[in-house]
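In what follows, a structure is listed as structure tokens, so that the remarks can point back to it.
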Amino acid sequence: MSDPDMSPLIIAGTQTVSRAIELLKLVAASQPGGLRLVDLTRISGLEHATVHRLITCLVQEGLLIQEDGGKRYVLGPYCTQLGRASQSNTGLLEHYTPLLHRISNATGDASFLVVQSGFDTLCIGRAIGTYPIQALAVNVGHRHPIGVGAAGVAILAALPKQASGELIWRNRDRLPYYRGLTPQALEVLVATARQRRYSVTVNYAVSGVIGVGVVLRGASEDIVGALSVASIEKRMMPERQEMVADLVRGQVESFKPISGQAPA
């Protein structure tokens with residue numbers, strides 16, 4: 017299923033994004049010395065004015081910085097931050113993969129490891145169960161506005177109300193693309209999840225799927241992500257939702273939490 021939130025990007029702007037990424041890759045390949053504006057223009061084959069405009073934007077966003085008196089461009093601090101976040105996600109996946117498989121073996125359904133990434137949730141791991149029909153609602157590497165799936169609701173419910181409300185507000189224009197989800201409806205889901213200590217949501221990205229989500233906390237009680245279990249609607253009836261939630265919470269509580277902070 018295509019992501020409706022991506023449609024505006026497909027319609028316009030993809031060429032600009034592609035060119036900016038090309039320039040970023042050229043600078044990365046030239047590390048540690050970097051490249052001058054004239055070098056980037058020559059190697060990329062783009063117009064000088066286009067290169068200058070894109071490079072200026074990359075500098076403003078912290079992806080590039082100027083060195084050697086402003087003559088050369090090298091990778092900026094945000095690239096380092098992205099690299100650290102990627103390494104953190106890798107460590108998180110390695111730590112919790114056994115738990116994912118344990119949960120899928122116990123429930124028979126697909127389970128997912130999800131982290132917060134800005135205003136989104138990002139799926140970084142998935143395990144398959146034994147039930148003949150698997151609800152593979154999210155692919156690894158896929159992202160949605162936080163709260164579209166059960167894991168995102170579980171994360172929102174674990175955050176302070178002001179923080180979760182801010183995230184929901186930030187995504188207010190994106191949410192309706194997901195089966196008409198509204199900020200008000202999401203607030204209700206989050207409030208219910210706070211009371212239950214787990215979330216239950218119809219998957220707003222894939223019809224016919226219900227998910228149960230439980231937050232994951234690190235050794236310092238910081239939120240590092242969430243686990244969710246998804247199944248088809250006729251299998252995930254209310255009594256089974258509670259059973260799955262109890263099982264996942266029990267597995268999480270008995271599993272050694274990861275040390276360190278949540279990935280950015």
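If you read the sequence shown in the working numbering, its first letter stands for residue 17, the second for the next number, and so on. Built from N, CA and C at the ideal position, the CB exists for glycine as well.
### Query
Skipping 5 residues on each side, what residues in its chain have a beta carbon closer than 6 Å to that of residue 246?
Counting from 1 along the sequence shown, the entry for residue 246 is found at position 230. Sequence-distant partners of residue 246 (beyond 5 residues in either direction) whose C-beta falls short of 6 Å from its own C-beta, in its chain, are 126, 151, 153, 225, 227.
### Task
Could you name each continuous alpha helix (DSSP H) segment of 4 residues or more that falls completely within the segment 36 to 70, going from the start of the chain to the end?
Within the segment 36 to 70, the complete alpha helix (DSSP H) runs of at least 4 residues are 53 to 60.
### Task
Could you work out which residue in 182, 178, 145, 146 is closest to residue 161 when comparing CA atoms only?
Taking the sequence shown and counting its residues from 1, the one referred to as residue 161 is at position 145. Considering only alpha carbons, the answer is 182.
### Query
Secondary structure at residue 160, three-state DSSP: helix, strand or coil?
Mapped onto the sequence shown, residue 160 falls at position 144. Strand, per DSSP.
### Message
Less than 6 Å between C-beta atoms, sequence neighbours within five positions excluded: which residues of the same chain meet that for residue 262?
### Response
Within the sequence shown, residue 262 is the residue found at index 246, counting from 1. The beta carbon of residue 262 is closer than 6 Å to none in its chain, skipping five residues each way along the sequence.
### Message
To the nearest angstrom, how far is the alpha carbon of residue 274 from that of residue 192?
### Response
As a position in the sequence shown, residue 274 is number 258, starting the count at 1. As a position in the sequence shown, residue 192 is number 176, starting the count at 1. If you draw a straight line from the Cα of residue 274 to the Cα of residue 192, it comes to about 35 Å.
### Query
Would you report the Cα separation of residue 50 and residue 57, rounded to the nearest angstrom?
Looking up residue 50 in the sequence shown gives position 34. Looking up residue 57 in the sequence shown gives position 41. Each residue's Cα considered, the two are about 14 Å apart.
### heavy atom of the ligand PLP below 7 Å from residue 218 C-beta
Absence of the ligand PLP from the depicted structure is noted, as is the absence of any ligand whatsoever, leaving it without description.
### Under the three-state DSSP convention, the category residue 241 falls into
Within the sequence shown, the letter at position 225 stands for residue 241. Strand.
### Query
Hey, residue 67 and residue 39 are a contact pair by Cβ (cut 8 Å); roughly how many whole angstroms apart?
Here residue 67 refers to the residue found at position 51 of the sequence shown. Here residue 39 refers to the residue found at position 23 of the sequence shown. Contact holds; Cβ gap of about 7 Å.
#### Entry: CB contact flag (residue 206, residue 167, <8 Å)
The residue given as residue 206 occupies position 190 in the sequence shown. The residue given as residue 167 occupies position 151 in the sequence shown. No, the pair does not count as a contact, with Cβ atoms beyond the cut-off.
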